[in-house]
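The structure appears right after this line, and notes come after that.
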Amino acid sequence: MPRITLRQLLDHAAANDYAVPAFNMSNMEQGLAIMKAADETGSPVILQASRGARAYANDLMLARVIDALVEMYPHIPLCMHLDHGNSLATCVSAIRHGFTSVMMDGSLLADGTTPADYADNAAITRKVVELAHAAGVSVEGELGVLGSLETGMGDQEDGHGATGTLSREQLLTDPDEAARFVADTGVDALAVAMGTSHGAYKFTRKPDGDVLAMDVIEAINKRLPDTHLVMHGSSSVPEELREAINTHGGDIRPAWGVPIEEIQRGIRHGVRKVNIDTDLRMAATAAIRRVLTEDPGEFDPRKYLKPAMEAMTAQCRVKFEAFGTAGQAAAIRAKPLAAMAVRA
Ligand code: G3H
Ligand code: 13P
Ligand code: ZN
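Reminder that position 333 of the sequence shown reads as 1533 in the numbering used here, one-by-one numbering, no gaps.
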């Protein structure tokens, strides 16, 4: 099966009331672990690479790993997506390396830390859409700035995101502006801000509607019923993983993520792509720490990377089942990029 574009995959998800988790990947082990879970559950999959992941793994290596995964699992529809692209050039180089979807995150300026105004965001996103669509590739845009409604702070935990304090207005996507943005840019999917942020420390308590504004998703979905919505920062930060890390010498402060039932509420209101990185990072770290503390003499990476892969696969399985993705792979027929290309 050819690689699938985000547009085709999310259209299928919308027609069948489910969402697809988008798992971050920067190495072979993550790729193998995610695909194993997709295969076991019969799920289509979105693998996404950030700029950091591309720099870590090298574009060529990432592209070849994806080629191998496609060959190993020809029956699994696979969308390769650029996470948080910050410029036209980054998006173009991703397309050249076989990505079938790119995110142009114009909510921040190209420095990755300064919130952009509406006009700048819409202009750069529109440019990327024109170019990507000509190649058949899909585009995700973002309106609103990720950050905490508890503290008003931008999303800087894992080294990128807005710096400093943001207004509530900046931290919550406005439904009318979202409608204008989708019309102005032609994006295939829209990431929205409603209190989620990247990393483990999203909330200092189990989130309620004051700090995780699911009502904003509902309002945007009412205004834009045909637009595929994307939730970033949607790891659930399972307490058992935090405990497992800390039991084996780690030090993760009490932390709350996005409860699965809140994501399921989002899925009932237009959320079709759910970004997850932290939960897999925590699962791998917990497994590696356990092996190395139980056997401090161990130095064969395969002895701790295999359990790490198994732990990541288990996390992916949970998401595929919970988001309704499981069992959908067999019903999807991916069209090649050439068939998706918009001709002038
Ligand atoms: O965008 C957030 C993802 O967790 C990727 O993080 O830039 O450290 O690869 P990264
Ligand atoms: P988490 O840090 O919650 O896993 O979010 C990842 C993400 O949104 C990647 O774009
Ligand atoms: Zn993100």
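Glycine residues also receive a C-beta, built at the ideal position from the N, C-alpha and C atoms.
Note that the structure is a prediction, hence the values are computed from the model and not measured.
Can you tell me which residues form a DSSP beta bridge with residue i?
i: residue 1390; result: 1341 and 1429
i: residue 1227; result: Beta-bridge pairing links residue 1227 to no other residue.
i: residue 1485; result: In DSSP, residue 1485 forms no bridge with anything.
i: residue 1222; result: 1246 and 1475
i: residue 1403; result: 1456
i: residue 1315; result: 1308
i: residue 1347; result: 1354
i: residue 1372; result: 1394
i: residue 1365; result: 1353
For residue i, collect the residues of the same chain with a Cβ closer than 6 angstroms to its Cβ; drop the 5 residues on either side in sequence, then sort them by chain order.
i: residue 1490; result: 1448
i: residue 1250; result: 1283 and 1284
i: residue 1427; result: 1382 and 1390
i: residue 1515; result: 1479, 1480 and 1483
i: residue 1207; result: 1338 and 1388
With 8 angstroms as the threshold, decide whether the Cβ of residue i is near any Cβ in chain C.
i: residue 1411; result: Looking for chain C here will not work: only one protein chain is present.
Could you spell out where the beta strand (DSSP E) holding residue i opens and where it closes?
i: residue 1248; result: 1245–1249
i: residue 1475; result: 1471–1476
i: residue 1301; result: 1301–1304
i: residue 1278; result: 1278–1285
Might you give, ordered along the chain, the residues of its own chain that have their beta carbon closer than 7 angstroms to the beta carbon of residue i, omitting 5 neighbours on each side?
i: residue 1316; result: 1306, 1307, 1308 and 1309
i: residue 1177; result: Because the chain here runs from 1201 to 1544, residue 1177 falls outside it and cannot be looked at.
i: residue 1275; result: 1201 and 1529
i: residue 1328; result: 1288, 1291, 1302, 1304 and 1339
i: residue 1438; result: 1479
Within this structure, are the beta carbons of residue i and residue j separated by less than 8 angstroms?
i: residue 1445; j: residue 1413; result: no
i: residue 1401; j: residue 1453; result: yes
i: residue 1524; j: residue 1488; result: no
i: residue 1345; j: residue 1354; result: yes
i: residue 1232; j: residue 1220; result: no
i: residue 1323; j: residue 1291; result: no
i: residue 1269; j: residue 1235; result: yes
i: residue 1429; j: residue 1471; result: yes
i: residue 1460; j: residue 1522; result: yes
i: residue 1222; j: residue 1517; result: no
i: residue 1272; j: residue 1247; result: no
i: residue 1279; j: residue 1300; result: yes
i: residue 1397; j: residue 1341; result: no
i: residue 1350; j: residue 1411; result: yes
i: residue 1378; j: residue 1343; result: yes
i: residue 1385; j: residue 1326; result: yes
Kindly indicate the opening and closing residues of the alpha helix (DSSP H) around residue i.
i: residue 1375; result: 1375–1385
i: residue 1164; result: No answer is possible for residue 1164: it lies beyond the span of the chain, which begins at 1201 and ends at 1544.
i: residue 1519; result: 1501–1522
i: residue 1259; result: 1259–1272
i: residue 1546; result: Lying outside 1201 to 1544, the shown extent of the chain, residue 1546 is not represented and no answer is given.
i: residue 1418; result: 1414–1423
i: residue 1292; result: 1288–1296
i: residue 1442; result: 1439–1447
i: residue 1531; result: That residue, residue 1531, is in no alpha helix (DSSP H); it is neither H nor E in DSSP.
i: residue 1201; result: Unbroken run through residue 1201: none, as it is neither H nor E.
i: residue 1539; result: 1537–1540
For residue i, which residues in the same chain have their Cβ closer than 8 angstroms to its Cβ, ignoring the five residues on either side in sequence?
i: residue 1375; result: 1416, 1419, 1420, 1422, 1423 and 1424
i: residue 1493; result: 1448 and 1449
i: residue 1520; result: 1221, 1237, 1238, 1241, 1243 and 1526
i: residue 1407; result: 1395, 1456, 1458, 1459 and 1462
Original post:
Is the stretch 1533–1543 in contact with the stretch 1252–1269, if contact means three or more CB pairs nearer than 8 angstroms?
Top reply: Because the criterion of three Cβ pairs below 8 angstroms is not met, the stretch 1533–1543 and the stretch 1252–1269 do not touch.
Original post:
Do the stretch 1359–1368 and the stretch 1333–1342 make contact, defined as three or more Cβ pairs closer than 8 angstroms?
Top reply: No contact exists between the stretch 1359–1368 and the stretch 1333–1342.
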